[in-house]
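The structure appears below as structure tokens.
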Amino acid sequence: MLQEWLAAVGDDYAAVVWRPEGEPRSYPDEEGPKHWTKERHQFLMELKQEALTFARDWGADYILFADTDNILTNNQTLRLLIEQGLPVVAPMLDSQTYYSNFWCGITPQGYYRRTADYFPTKNRQRRGCFRVPMVHSTFLVSLRAEGTEQLCFYPPHPNYTWPFDDIIVFAYACQAAGVSAHVCNEHRYGYMNVPVKSHQGLEDERVNFIHLILEALVHGPPMWASAHVSRPPKRPSKMGFDEVFVISLAHRPNRRERMLSSLWEMEISGRLVDAVDGRTLNSSVMRSLGVDLLPGYQDPYSGRTLTKGEVGCFLSHYSIWEEVVARGLAQVVVFEDDVRFESNFKMRLERLMKEVEAEKLPWDLIYLGRKQVNPEEEAAVEGLPHLVVAGYSYWTLAYVLSLAGARKLLASQPLRRMLPVDEFLPIMFDQHPNEQYKAHFWPRDLRAFSARPLLAAPTHYAGDAEWLSDTETSSPWDDDSGRLISWSGSYKTLRDPRLDLAGSSGHSLHPHPQDEL
Numbered sequence: 001m002l003q004e005w006l007a008a009v010g011d012d013y014a015a016v017v018w019r020p021e022g023e024p025r026s027y028p029d030e031e032g033p034k035h036w037t038k039e040r041h042q043f044l045m046e047l048k049q050e051a052l053t054f055a056r057d058w059g060a061d062y063i064l065f066a067d068t069d070n071i072l073t074n075n076q077t078l079r080l081l082i083e084q085g086l087p088v089v090a091p092m093l094d095s096q097t098y099y100s101n102f103w104c105g106i107t108p109q110g111y112y113r114r115t116a117d118y119f120p121t122k123n124r125q126r127r128g129c130f131r132v133p134m135v136h137s138t139f140l141v142s143l144r145a146e147g148t149e150q151l152c153f154y155p156p157h158p159n160y161t162w163p164f165d166d167i168i169v170f171a172y173a174c175q176a177a178g179v180s181a182h183v184c185n186e187h188r189y190g191y192m193n194v195p196v197k198s199h200q201g202l203e204d205e206r207v208n209f210i211h212l213i214l215e216a217l218v219h220g221p222p223m224w225a226s227a228h229v230s231r232p233p234k235r236p237s238k239m240g241f242d243e244v245f246v247i248s249l250a251h252r253p254n255r256r257e258r259m260l261s262s263l264w265e266m267e268i269s270g271r272l273v274d275a276v277d278g279r280t281l282n283s284s285v286m287r288s289l290g291v292d293l294l295p296g297y298q299d300p301y302s303g304r305t306l307t308k309g310e311v312g313c314f315l316s317h318y319s320i321w322e323e324v325v326a327r328g329l330a331q332v333v334v335f336e337d338d339v340r341f342e343s344n345f346k347m348r349l350e351r352l353m354k355e356v357e358a359e360k361l362p363w364d365l366i367y368l369g370r371k372q373v374n375p376e377e378e379a380a381v382e383g384l385p386h387l388v389v390a391g392y393s394y395w396t397l398a399y400v401l402s403l404a405g406a407r408k409l410l411a412s413q414p415l416r417r418m419l420p421v422d423e424f425l426p427i428m429f430d431q432h433p434n435e436q437y438k439a440h441f442w443p444r445d446l447r448a449f450s451a452r453p454l455l456a457a458p459t460h461y462a463g464d465a466e467w468l469s470d471t472e473t474s475s476p477w478d479d480d481s482g483r484l485i486s487w488s489g490s491y492k493t494l495r496d497p498r499l500d501l502a503g504s505s506g507h508s509l510h511p512h513p514q515d516e517l
């Protein structure tokens, strides 16, 4: 891959040193290709030292180190770093978790020390360039700055007693030379893959990297493949389902593009379904569709009535249920276009469905993503470790539906007594807490389950800068004046604080605090 890229762009550089080495393919005593033995660390340190020496001999003013799995998406990175005028400076890189390319604390023995500054820096709650005891993976060294002539990777400093690791060796060298290191986070510079464990392999790293690509599509800027590098062909599939539906509003092209790109990266074949735009609905249109409000319905938190956006959302899902029945589709997946996929989503969903089939579990609906209201009350399913019996939940951003389930949903004639679709589904499996609402529907025998852990979440929550909602910001269902009302504080659209207590930052890997390492 690198050779192909160099053939296309090598002439743009003043000098290129290309020295491929196919052997050795492993190191003595390694557990696998991702195990960092002492020999592997030493080899890397020697390579970095060779690059540093080459830059000095060549008379370079700066040297930029960048690991191969670090992807810089900001083409102004070099300019921005040089403008800081610092001897050693790193662009803060994002990842799937709290992991990044700097430490805020280090012990006298050279080990990681947690400080109060790390998470505010990583989460960009404080912005700027900050002095830190270590930067690694991607960083710039000013070779004209005072003291940097003493920096080295190999051999380590004569007084070195810290762990034999290239990033720690360099941190010690900076400390011994009195050279400060800084990390800058005012801009988004790019991404880095979370390292896999020593017993894991290249396939695990590939899966992690695909997920990193998906996360970049959420936050931006995305990682686009170079035009000078060939990529293996994608082979999208429906994962054993009869159809994979993607509900998407035509007037949200960014969401649609992100969703299609995400499915493509995961090799999932999805079919777009144009969502019903609530802005186009008026009283006469809804009457012609047979839409009427469930008597007495109010949002459980704001007390507001049904919105036209919620009517459009319900009609979008309803049209899919109709198609499932009309075509006799045995089982389908339904995605909304604001879904954020967990790591290794495709494999985990395929595994879940194989487990369900092996246990011969009768089911109608399986949530893949939802906001649980009382998760501690949900019962496990015997023989199925990745499944629970679904309780009262919010959201319909991702679920699996059977033909029998679609028939049950349609048979209840929900358009004549409409409420939001995520309130309707719990009624149908008899888990809604409002007895008055439930009394309008019978039978309530939908067999509903949920993936555990969940396989999907929303891309954004109320309060996030990028959050928007076509159901929360809309007109009341019976108001044809065209006025828009925003109910942005609804509990449904807020991040679940229990996830934060468990260590989740909204990243799809549900990181724990130790993930900064």
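Residue numbers for the sequence shown follow the UniProt record's numbering, so the first one is 1 and each next one is one higher. Even glycine gets a Cβ: it sits at the ideal position worked out from N, Cα and C.
Would you mind reading off the limits of the beta strand (DSSP E) that contains Leu397?
Mapped onto the sequence shown, residue 397 falls at position 397. Element bounds for Leu397: 393-402.
Shorter than 8 angstroms from the beta carbon of Arg25 to some beta carbon of chain B?
Absent from the structure is chain B; it holds one protein chain and no more.
Looking at Pro163 and Gly105, is the spacing between their C-beta atoms short of 8 angstroms?
Translated into positions along the sequence shown, residue 105 becomes position 105. Translated into positions along the sequence shown, residue 163 becomes position 163. No, Cβ-Cβ distance for Gly105 and Pro163 is not below 8 angstroms.
Can you give, in chain order, each stretch of the beta strand (DSSP E) that sits fully within the stretch 70-94 and has at least 3 residues?
70-72, 88-91
Spatial neighbours of Val179 within its chain, please: CB distance less than 7 angstroms, with the 5 preceding and 5 following residues excluded, ordered by chain position.
In the sequence shown, residue 179 corresponds to position 179, counting from 1. Once the five neighbours on either side are set aside, the close Cβ partners of Val179 are Pro87, Val88, Gly147, Thr148, Leu151.
Could you spell out where the beta strand (DSSP E) holding Val207 opens and where it closes?
To locate residue 207, count along the sequence shown from 1; it is residue 207. From DSSP, Val207 is part of no beta strand (DSSP E) but of the alpha helix (DSSP H) over 202-219.
When we look at the beta-carbon of Ala448 and count the other beta-carbons within 10 Å, is it buried (16 or more) or exposed?
For the purposes of this step, residue 448 is taken as residue 448 along the sequence shown, with counting starting at 1. That one is buried.
May I have the straight-line CA-CA distance separating Lys34 from Leu352, to the nearest angstrom?
For the purposes of this step, residue 34 is taken as residue 34 along the sequence shown, with counting starting at 1. For the purposes of this step, residue 352 is taken as residue 352 along the sequence shown, with counting starting at 1. Going from the Cα of Lys34 to the Cα of Leu352 covers about 28 angstroms.
Judging by CA-CA distance, which residue of Ile268, Pro156, Asp29, Ala411 is the nearest neighbour of Met45?
Numbered from its first residue, the sequence shown carries residue 45 at position 45. Cα-wise, what sits closest to Met45 is Pro156.
Figure out for me which residue from Pro120, Ala456, Met418 has the closest Cα to the Cα of Thr305.
As a position in the sequence shown, residue 305 is number 305, starting the count at 1. Measuring from the Cα of Thr305, the nearest candidate turns out to be Met418.
Since Trp103 sits in a beta bridge, which residues does DSSP pair it with?
Position 103 of the sequence shown, counted from the start, is the residue given in the question as residue 103. Met134, per the DSSP bridge assignment.
Taking its Cβ as the centre, do 16 or more other Cβ atoms sit within 10 Å of Val183, making it buried, or is it exposed?
Residue 183 sits at position 183 when you count from the first residue of the sequence shown. When all chains shown are included, Val183 counts as buried.
Start-to-end residues for the beta strand (DSSP E) that takes in Arg271
As a working mapping, residue 271 is identified with position 271 in the sequence shown. From DSSP, the beta strand (DSSP E) with Arg271 extends over 271-274.
Could you give the residue range of the alpha helix (DSSP H) that holds Tyr191?
Taking the first residue of the sequence shown as 1, we reach residue 191 at position 191. Segment 190-192 is the beta strand (DSSP E) holding Tyr191; no alpha helix (DSSP H) there.
Which residue marks the beginning of the alpha helix (DSSP H) containing Glu310, and which one marks its end?
Walking along the sequence shown from the start, residue 310 turns up at place 310. Unbroken alpha helix (DSSP H) run through Glu310: 308-327.
Helix, strand or coil for Phe449 per DSSP?
One-based indexing of the sequence shown puts residue 449 at position 449. In the structure shown, Phe449 sits in a strand (DSSP, three-state: E or B).
Endpoints, the beta strand (DSSP E) within which His187 is located
Along the sequence shown, read from residue 1 onward, the residue named residue 187 stands at position 187. First-last for His187: undefined, no H or E at that position.
If you draw a straight line from the alpha carbon of Gly270 to that of Phe424, how long is it in whole angstroms?
One-based indexing of the sequence shown puts residue 270 at position 270. One-based indexing of the sequence shown puts residue 424 at position 424. Rounded to the nearest angstrom, the two C-alpha atoms are 25 angstroms apart.
Measuring alpha carbon to alpha carbon, tell me which of Tyr189, Ala66, Thr107, Ala8 ends up nearest Gln76.
For this step, residue 76 is matched to residue 76 along the sequence shown. The option with the nearest alpha carbon to Gln76 is Tyr189.
Looking at the structure shown, is Gly147 part of a helix, part of a strand, or coil, going by DSSP?
Translated into the one-based positions of the sequence shown, residue 147 becomes position 147. Gly147: coil per DSSP, three-state reduction.
Would Arg255 and Asp337 be called neighbours here (beta carbons separated by less than 8 angstroms)?
Your numbering for residue 255 matches position 255 in the sequence shown. Your numbering for residue 337 matches position 337 in the sequence shown. Cβ atoms of Arg255 and Asp337: closer than 8 angstroms.
C-alpha gap between His187 and Phe139, whole angstroms
Sequence index remark: in the sequence shown, residue 187 carries index 187 (1-based). Sequence index remark: in the sequence shown, residue 139 carries index 139 (1-based). Rounded to the nearest angstrom, the two C-alpha atoms are 15 angstroms apart.
Flag this pair as yes or no: are the beta carbons of Ser288 and Asp478 separated by less than 8 angstroms?
Residue mapping note: residue 288 aligns to position 288 of the sequence shown, counting from 1. Residue mapping note: residue 478 aligns to position 478 of the sequence shown, counting from 1. No, they are not a contact pair.
Classify Lys371 as helix, strand or coil using the three-state DSSP reduction.
What you label residue 371 is simply residue 371 of the sequence shown in a count that begins at 1. Lys371 falls in the strand class under three-state DSSP.
Would you report the Cα separation of Thr115 and Pro108, rounded to the nearest angstrom?
Sequence index remark: in the sequence shown, residue 115 carries index 115 (1-based). Sequence index remark: in the sequence shown, residue 108 carries index 108 (1-based). Distance between the alpha carbons of Thr115 and Pro108: 14 angstroms.
Name the two residues that bound the continuous alpha helix (DSSP H) containing His41.
The residue you call residue 41 lines up with position 41 of the sequence shown. Start and end: 38-58.
Quick one: any contact between the stretch 376-396 and the stretch 449-460, if contact means 3 or more CB pairs under 8 angstroms?
yes
Identify the continuous beta strand (DSSP E) that holds Ile427 and give its terminal residues.
As a position in the sequence shown, residue 427 is number 427, starting the count at 1. Careful: Ile427 lies outside any beta strand (DSSP E), inside the alpha helix (DSSP H) at 421-428.
Please name the residue, chosen from Gly85, Phe314, Phe130, that lies closest to Leu281 on a Cα-to-Cα basis.
Along the sequence shown, read from residue 1 onward, the residue named residue 281 stands at position 281. Measuring from the Cα of Leu281, the nearest candidate turns out to be Phe314.
Is the Cβ-Cβ distance between Tyr392 and His440 less than 8 angstroms?
Locating residue 392 in the sequence shown gives position 392, where the first residue counts as 1. Locating residue 440 in the sequence shown gives position 440, where the first residue counts as 1. Contact flag unset, no.
Straight-line Cα distance separating Leu93 from Gln84:
For the purposes of this step, residue 84 is taken as residue 84 along the sequence shown, with counting starting at 1. For the purposes of this step, residue 93 is taken as residue 93 along the sequence shown, with counting starting at 1. Going from the Cα of Gln84 to the Cα of Leu93 covers about 17 angstroms.
According to DSSP, is Ala171 part of a helix, a strand, or is it coil?
Numbered from 1 along the sequence shown, position 171 holds the residue referred to as residue 171. Here Ala171 sits in helix by DSSP.
For the stretch 322-338 against the stretch 240-250, are there 3 or more C-beta pairs whose distance is under 8 angstroms?
yes
Three-way DSSP call (helix, strand, coil) for Glu23 in this model
Position 23 of the sequence shown holds residue 23. In the structure shown, Glu23 sits in coil (DSSP, three-state: anything other than H, G, I, E or B).
Would you identify the three-state DSSP class for Glu336, choosing helix, strand or coil?
In the sequence shown, the residue the question calls residue 336 occupies position 336. DSSP places Glu336 in strand when its eight states are reduced to three.
Within the same chain, show all residues whose beta-carbon is closer than 7 angstroms to that of Val135, passing over the 5 residues directly before and after it, in chain order.
On the sequence shown, residue 135 is found 135 positions in, with the first residue counted as 1. Answer for Val135: Val88, Ala90, Asn101, Phe102, Ala181, Val183, listed in chain order.
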